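In structure tokens form, the structure reads like this:
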């Protein structure tokens, strides 16, 4: 296994699971103590999704109207029926973002205790719109052939995949997109270096 050509230990995924099994199923645990990023993070993501799904600007009143320049570059309107939250944790992104845009949100999360906490973290109305819950790592996730998504959202999670598994994951997700306007969104941190910056603490 490798990241940017750097060979990884064979226990890369098992070590990562051990790390997350030791994290409390709380907002603080999901964000590593940086809970202050929630508002700016969600606000930025809301602006992004509203540009991609422009019909929601009027329907949801999520953000101010896009500028003329933004509108010119906006893709054709897509549907807002179903989304997949990858690395969902306790449902932070689903609760504050995806459920405000999509009728149903499926959760993909390898930690069973995080998934169990989503029912408490969300309101009853929000949780009623949670669809399938996949208790598996992204590297092992296989979309169901009869379930298609308008949006597959991957935030702060793909760094836990090897290069090879990341590519395979994207290929599998592509097959689960609704055509022609389904989207895969990857929101993650980057480094200023081309070198592998591996975190041996959480296997990312």
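In our numbering, the protein residues as written are 22 to 225.
Built from N, CA and C at the ideal position, the CB exists for glycine as well.
Bear in mind that the values here come from a model prediction, so they are computed numbers and not experimental data.
query, result
"Over the uninterrupted beta strand (DSSP E) stretch that includes residue 176, give me the two end residues.", "172-176"
"With a cut-off of 8 Å on the beta carbons, I'd call residue 105 and residue 173 a contact; round off their distance for me.", "5 Å"
"Residue 181 and residue 53 look like a contact to me (Cβ under 8 Å); what is the Cβ gap, rounded to whole Å?", "Incorrect: roughly 14 Å between the Cβ atoms, too far for contact."
"Quick check: the Cα distance between residue 26 and residue 146, rounded to an integer number of angstroms?", "Reliability of the predicted coordinates at residue 26 is poor, the pLDDT of 49 falling under 50, and the value obtained from them is presented with this limitation in mind. Cα to Cα, residue 26 sits roughly 46 Å from residue 146."
"Looking at the structure shown, is residue 168 part of a helix, part of a strand, or coil, going by DSSP?", "coil"
"For the pair the region 105-121 and the region 44-53, tell me if three or more CB-CB distances fall below 8 Å.", "yes"
"Just the Cα atoms here: how many angstroms apart are residue 208 and residue 35?", "24 Å"
"Taking the continuous beta strand (DSSP E) assigned at residue 208, which residues delimit it?", "204-208"
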